[in-house]
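A short worksheet on the structure shown next.
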Amino acid sequence: MAKGYKQVRRGLVLQAHPRNASDSEKYSDNSIRFGLTATKKIGNAVIRNRARRRLRALAHEILSAHGQPGYDYVLIGRASTGDRAWESLQTDLRSALKQIHRRKDEKE
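Here the numbering used here is used: the first residue of the sequence shown is 1075, the next is one more, and so on.
Pasting the structure below:
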């Protein structure tokens, strides 16, 4: 993510990348796209799938309300994603989003 932003929290890693003009033609600017990943480093298939399910639910809940249109987000699961309290994961994602968009505004 050479031109993107990254924030690491205890429960997850959030990467954000602004969409370029050619991508904006394909997708409406009002869309918020996200991807999920959980590597083998965090555990076996059961643990990875649980982490992805939790990240997916978190993205639908938080990104739809706090994400900015025209951005692509990637949520990366960490070892604690599956066991971390739901409220803590919500706080992690909200604070990461705030920090990313604060940094973006400072660069402009």
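The beta-carbon is built from N, C-alpha and C at its ideal position, and this holds for glycine as well. Owing to the predicted nature of the structure, the values given are computational and were not obtained by experimental measurement.
Can you check the stretch 1100 to 1171 for any beta strand (DSSP E) of at least 3 residues that lies completely inside it and give the ranges in chain order?
Counting only runs of 3 or more, we get 1107 to 1111 and 1145 to 1151.
Counting C-beta neighbours from all protein chains within 10 Å, is the total for residue 1122 16 or more, i.e. buried, or is it exposed?
With 16 or more other Cβ atoms within 10 Å, it is buried.
Would you grab the beta carbon distance between residue 1080 and residue 1087 for me? Rounded to a whole angstrom, and I think it's under 8 Å.
Yes, residue 1080 and residue 1087 are in contact; Cβ-Cβ is about 7 Å, under 8 Å.
For chain E, is any of its Cβ atoms less than 8 Å away from the one on residue 1115?
Chain labels in this structure do not include chain E; a single protein chain is all it has.
For the stretch 1108 to 1115 and the stretch 1162 to 1179, state whether three or more C-beta atom pairs, one from each stretch, are separated by less than 8 Å.
With the cut-off at 8 Å, the stretch 1108 to 1115 and the stretch 1162 to 1179 do not touch.
Looking only at its own chain, which residues have a Cβ that is under 6 Å from the Cβ of residue 1107, when we skip the five neighbours before and after it?
Excluding sequence neighbours, residue 1107 sits near 1146.
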